[in-house]
Each structure stands twice: as C-alpha cells, then as structure tokens.
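Just remember that our numbering sits 1 ahead of the position in the sequence shown, which is counted from 1. Each residue gets a CB set at the ideal place from its N, CA and C atoms; glycine is no exception. A quick write-up on the structure given underneath.
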Amino acid sequence: MLTNAALFLGTSAVLAIHATTAADIQRRELSAEVPTKIELLSGRSIPCAVRAWSGESVDGACGTTRWEDIKPGGVVAILRACVPAKDAAASADAVAVVLSLPAAEAAGRTITDWARRSGATDEQLTAARKEAEVLRAARLEREQKAVRAKLSTLTPEAGSFPKTPWTVLSDAAFEQASAEMLEAARAVLSRAGTSGTMHETKHVALLAESGDEAFRSDAASLEQFVGRWAQMFTDVGATLALQGRIPVVVVGDRDRWRLIVASAGCDASMYPDVLVTYPVAPAGAPPRALVLVAPNSDRARQRYFASVGVARAMLHSTSSTERGPAWLNEGLPRVMAEVATPTASMDELLRKPALVALRAGGGFSSLFHATYADPMWTGDVGIAQSMSYIFVRWLYEQSPSRLFRFAKGTMSSIDTVEVRFQKAFAVSLAAAADNAVRWFQTND
C-alpha cells in the first residue's frame, strides 16, 4: 500500500483523506495525539503517542509499527482509542485491520461487536471482511518479497527461476549468446578495475585475471567436465540446452574477489571459493549462469571449485531452470565436481561435519524439509552443505543414473520431491535416508 505522508503535514482534524492502497482503507490522521502502549508480539511494550493509522500500520512518536508485529488484543486497544465515537466507517476499517491478522479470531469478534455499537452496518462489516482478505494478501506478498530479497543476498541459488524449458539454440544463436555472456563476464572484471585473458573451448569461455598459460589447461579440463556430465544427462533423457558458452571468471586477487562478490549483492564471507550469479539475459530471456572463481594457491582445489560452478550452470541449463530442493541443489554440483576432480581431495573434507552429526544421533529429515530461508541454511551453512553432499554422494554410489534421473525430474516435473524420488529409486526418500544413516554410522 502506498501512502504520502507529506499530504498530511499540518492537518488539525481527523481527516478522511485517502492514499491509494492495495485495500480501500483510509489513512487517518488524528487531530490530537493519543497516548497508548504498543504491545509487540516479541513481548516488548512501547509507550507511544499515536498520530495516524492505516490498513498497514500505526504511526506515532515512536515511529511506524506494522499491525502484524503487534498482539491482536493490542491492535484492538489501539484502534478503539484512536477511532472517534460513533464513526461507523472508521470502526469498520478497524474491523478489516484486525480480521486480516493471523490468529486474531477472538480479537476479531471483540472488534466486530464494538464496531456494531459504533454504528457499523451489516453491509459495512461485510465489506470489511472483504477488505481484510485484500490486506492479508498484500501482507503475504510483502513478506514474500522481503524473504526473496533476503535470500538473494544469502545465495543466488535461492532465486526463483522460470519453469519453462530452455530452447536448444542454433549455432548462430549460440554464438550470439556466447558473445553476450562474455561481455557480462568482462564487465564484472572491468567494474573491479581489471581484465582477463580468455581461453575458449566449445562450451566454456574462461577469463583469467592472470596471464598464466596453465589456465588453458584448466579450460580444457572444464570442457571435459561438461562433456562427461552432458552424456549422463543425455543417457537419462534430459536435454542440455546451454545458452552459449559457460563463462568462468577466475579472479587473481583476494581484495578484488571481495569487491566482485559484493557487487553481485552477496556477502563475500559466505563465498570464499566460488559464486554463480545469474544476470538477466537480453530480450527478456531467463537468467543465464555466470561462474566466478576465487583465487586459490592450490590449482587442483581451484579447478574443483570452478567445476562446482560449471555444474551449477549445467543444472541451470538442463530441461528447465527451475530449482530442485536446496539439499539436491547444493549436494549434486559438489558430487559432480568431486567425482571429476579427485586430485583436489575434497571428499574427506566435505564428509567430516556430516559424519560427526550422524554419529551423534542426527539424521537427514530436517535437511529434506529446509529451504534456503530456514535455519538449516541461514545458520550453520557448512553442516547443511556437508549433509547435502554426503547424502547425494551416497545416492550417486547406489546408482548414478537413478540420481540424475531424479535430478532431471525434480527440475521439470509437477510431482512432489517425494514422488519423484520414489519413481527414480523405487524406495521412499525417508527409507533411503534411514538406510544412509545406518551406513554412515559405521562407514565413511
């Protein structure tokens, strides 16, 4: 809902001046401040001199407080104190505010009875209930936007991507898309005040800040990586439709790495090794993957992290861009990279935290039900990544083709994850998790 507070400065009466909102509820400026206490859901009680209220919030000397952050009973108390006696329209709007709140049944009955005594008609109260639905929907949309904004700073992998399958590009369109993404990659380095030497293969365009010719070998290795896993996707019936060569930017300086990660809107402390961003493609096409690789003195480890990024780009370009569950989205790229680059010796490092947790009585259930917005991922991301890796690696060792068939279906099917898993592995996800726990309690 939109308001324009400037329109109300200096107002000396209770005005029925409207600001256009998602719901049809007036913002009401009070002729005199109303002293009250705001009883927050957190348990805090804030003394406040109220100056105005709307469908979204209450405003006063203590600032702006959204209704959903206040105890329903406290909302009723504030509105009853602020609405003039026998103002039927305002009391009906107050009903809409309270009814829009979660867990406000008792408060809703109280405010409705009070509104009737204030002169609100049945027609006005019916309209108030409809307004409550509009307010509730607007609040939900606002909360979802806030979550998406928060997630976008946590990880681009939490982003919402279209479900529409990629189009396999013609040779000319592939080259055009490759040129566009190469420009995006060069722009990343340019914004950090540097440039890169390009090493190009059929499916990879590697830009290294360093001119070391060893990066030519890295590009060739990543090309082999693409070929290996492209064949796996083909074998399980998935279509790999790369939208141009996969751009891989290898940064040579740690300070520039932090600058580049920050410019992508992410926290550099969360990305010490690799980050995949998704710039929006021209002409309204879905976002394309851009792989950013941090400096690393261990070339095998750096190649492993580049492979994680390329795996993400491949998954993004397979069947559809739709994301699988967080545990699969995090586990599978690491498995693909570790299997292809064993000299990096990442397997033992990736397993350790999960093995400790499982042998202390932990399990996979909370992982399966966690999104990137949940504490599993917003808290100790290291253990979440380790648990994801170890379970997906166990599935890979049971049957690589079943795992990739499941992954392909997860990104393109309308079935639930559990149904897709059952179809791919002929066992429930819960049963597979129990089997994996028993295995890891005595095996590494």
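With distances taken between CB atoms, is the gap from residue i to residue j smaller than 7 angstroms?
i, j, result
"F365", "A434", "yes"
"A129", "V99", "no"
"V249", "L207", "yes"
"E30", "A53", "yes"
"E419", "L430", "yes"
"A269", "A290", "no"
"V1", "V275", "In this structure the chain extends from 2 to 445, so residue 1 is not present and cannot be described."
"A133", "S101", "yes"
"R335", "Y390", "yes"
"P166", "S321", "yes"
"M347", "W230", "no"
"T344", "A374", "no"
"L141", "A193", "no"
"G75", "E34", "no"
"E210", "G197", "yes"
"L223", "V237", "no"
"A159", "L170", "no"
"R304", "T342", "yes"
"A93", "A121", "yes"
"L241", "T319", "yes"
"V340", "G310", "no"
"K146", "S119", "no"
"A220", "T202", "yes"
The alpha helix (DSSP H) spanning residue i covers which residue range?
i, result
"A50", "Not the alpha helix (DSSP H): A50 falls in the beta strand (DSSP E), residues S46 to W54."
"A338", "A327 to A341"
"T113", "E106 to R118"
"L102", "It is not in any alpha helix (DSSP H) - L102 carries neither H nor E in the DSSP assignment."
"G75", "P73 to C83"
"P157", "Taken as a continuous stretch (DSSP letters only), P157 belongs to no alpha helix (DSSP H), as it is neither H nor E."
"D219", "A215 to D236"
"T379", "P376 to T379"
"K87", "Taken as a continuous stretch (DSSP letters only), K87 belongs to no alpha helix (DSSP H), as it is neither H nor E."
"G383", "V382 to Q399"
"S43", "It is not in any alpha helix (DSSP H) - S43 carries neither H nor E in the DSSP assignment."
"D256", "R255 to S264"
"M182", "D172 to R192"
"P426", "It should be noted that the sequence gives Phe, not Pro, for residue 426. Unbroken alpha helix (DSSP H) run through F426: V418 to F426."
In terms of alpha-carbon separation, which member of the options lies closest to residue i?
i, options, result
"Y279", "A186, E339, V251 and A361", "A186"
"F369", "W328, V357, Q125 and P376", "W328"
"C63", "S46, R302 and E349", "S46"
"P73", "P103, H317 and R304", "P103"
"M388", "A374, V76, L356 and W440", "L356"
"N297", "R439, G266 and D254", "D254"
"S308", "V292, T319 and S119", "V292"
"P446", "D256, S191 and E210", "Nothing can be reported for residue 446: it is not among the residues displayed for the chain, which extend from 2 to 445."
"D213", "L223, M199, H204 and S92", "M199"
"P354", "N330, G383 and T379", "G383"
"E57", "L80, T372 and K87", "L80"
"K164", "I415, W440, D25 and Q442", "I415"
"G362", "R439, R67, R118 and A265", "R439"
"L333", "G285, A116 and L396", "L396"
"T443", "T417, L359 and A371", "L359"
"F441", "G109, T372 and R352", "R352"
"L350", "D445, R118 and C267", "D445"
"A116", "A312, A89 and F306", "A89"
"Q27", "V84, G61 and S43", "V84"
"S191", "G61, A385, S264 and V59", "S264"
"G380", "M271, F422, F306 and S402", "M271"
"L460", "V135, T65 and F234", "With the chain running from 2 to 445 in the structure shown, residue 460 is simply not present."
"Q386", "A432, E331 and S402", "E331"
For residue i, which beta-bridge partners are listed by DSSP?
i, result
"D445", "BP columns for D445 are empty, so no partner."
"R67", "S58"
"S321", "P166"
"H200", "L207"
"V277", "V292"
"L241", "T319"
The beta strand (DSSP E) that contains residue i, what's its start and end?
i, result
"K38", "R29 to E40"
"P248", "I247 to V251"
"L293", "L291 to V294"
"T344", "Where T344 is concerned, there is no enclosing beta strand (DSSP E), given that its DSSP letter is neither H nor E."
Rounded to whole angstroms, how far is the Cβ of residue i from the Cβ of residue j, which I believe are closer than 8 angstroms?
i, j, result
"A239", "K424", "About 15 angstroms; that fails the 8 angstroms criterion."
"A282", "Q225", "No, A282 and Q225 are not in contact; Cβ-Cβ is about 26 angstroms, not under 8 angstroms."
"F392", "A437", "6 angstroms"
"T111", "L126", "At roughly 14 angstroms, the Cβ-Cβ gap does not stay under 8 angstroms, so T111 and L126 are not in contact."
"F162", "P287", "6 angstroms"
"T37", "A78", "7 angstroms"
Tell me whether residue i, by its Cβ, gets closer than 6 angstroms to a heavy atom of the ligand SAH.
i, result
"L291", "The model depicted lacks the ligand SAH and carries no ligand whatsoever."
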